[in-house]
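Chemist:
In full-length UniProt numbering, the protein residues as written are 1 to 177.
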């Protein structure tokens, strides 16, 4: 394997690109922020990200960040599975009223996509608290799990099959002689 270009020998734009890329992992935006023109940024971003020394540096930083944040495939899959298989009944009391957020178990709370609490005053001056709960999408999370498990794919995996020649002419081949 060829030795990678030392960081000290990189151009200033290469150095800036890799740091900007780690902000949002958007090659075009990173190239623009690194000083490339908007017109050529998409092309430059692709070219830069394919250079072995840049790709290796970015990959190393992403691995470091995942380790620092304790992000693992197992943790991500557990979280996606939690949201995919959530039971919306856990958000309600036996009488059908919405539970207070402090009463939710950790798994249910993790499935909250949003919470909107508003107060409305009726014609008698009485305040009524309205709570809208948005849950994470079961469908989206099930799709993510299905993709991970390769349950539905447009690609067909084909293994190599040895070819067998069959002589249907009835003529002898050299091997038969």
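Built from N, CA and C at the ideal position, the CB exists for glycine as well.
My guess is that residue 27 and residue 45 are in contact by the Cβ rule of under 8 Å, so how many angstroms apart are they, rounded?
Modeler: The Cβ separation is near 3 Å, so the contact holds.
Chemist: Look at the alpha carbon of residue 50 and the alpha carbon of residue 159, and state the distance between them as a whole number of angstroms.
Modeler: Spanning the two alpha carbons is a distance of roughly 30 Å.
Chemist: Using a Cβ-Cβ cut-off of 7 Å (strictly less than) and excluding sequence neighbours within five positions of residue 80, which residues of its own chain qualify?
Modeler: Cβ neighbours of residue 80 beyond the five flanking positions: 141, 144, 145.
Chemist: Per the DSSP calculation, residue 147 is bridged to which residue(s)?
Modeler: The partner list for residue 147 (beta bridge, DSSP) is empty, contrary to what the question assumes.
Chemist: If you follow the alpha helix (DSSP H) that residue 58 is part of, which residue opens it and which one closes it?
Modeler: Unbroken alpha helix (DSSP H) run through residue 58: 52-68.
Chemist: Counting beta carbon pairs with one atom in the stretch 104-112 and one in the stretch 70-84, are three or more of them shorter than 8 Å?
Modeler: Touching, yes.
Chemist: Would the beta-carbon of residue 119 fall within 9 Å of that of residue 104?
Modeler: Cβ distance not < 9 Å, so residue 119 and residue 104 don't count as in contact.
Chemist: Work out the CA separation of residue 18 and residue 133 for me, nearest whole Å.
Modeler: So the alpha carbons of these two residues sit roughly 39 Å apart.
Chemist: Give the DSSP-derived three-state secondary structure of residue 133 in the structure shown.
Modeler: Strand at residue 133.
Chemist: I'd like the span of the alpha helix (DSSP H) that includes residue 22, first residue to last.
Modeler: Its alpha helix (DSSP H) spans residues 12-24.
Chemist: Between the beta-carbon of residue 48 and the beta-carbon of residue 14, is there less than 9 Å?
Modeler: Yes. Within cutoff.
Chemist: Rank 61, 116, 135, 30 by C-alpha distance to the C-alpha of residue 89 and give the top, closest one.
Modeler: Looking at the Cα atoms, 135 is the closest of the given residues.
Chemist: Going along the chain, which residues of its own chain have a beta-carbon closer than 8 Å to the beta-carbon of residue 58, five neighbours each way excluded?
Modeler: For residue 58, where only same-chain residues beyond five positions count, the Cβ hits under 8 Å are 18, 21, 22, 49.
Chemist: Does the beta carbon of residue 22 come closer than 9 Å to any beta carbon on chain B?
Modeler: Absence of chain B from the displayed structure is noted, only one protein chain being present.
Chemist: Considering only C-alpha positions, which residue in the set 127, 54, 86, 161 is nearest to residue 139?
Modeler: Residue 139 has its Cα closest to that of 86, out of 127, 54, 86, 161.
Chemist: Secondary structure at residue 85, three-state DSSP: helix, strand or coil?
Modeler: Residue 85: coil per DSSP, three-state reduction.
Chemist: For residue 11, which residues in the same chain have their Cβ closer than 8 Å to its Cβ, ignoring the five residues on either side in sequence?
Modeler: Cβ neighbours of residue 11 beyond the five flanking positions: none.
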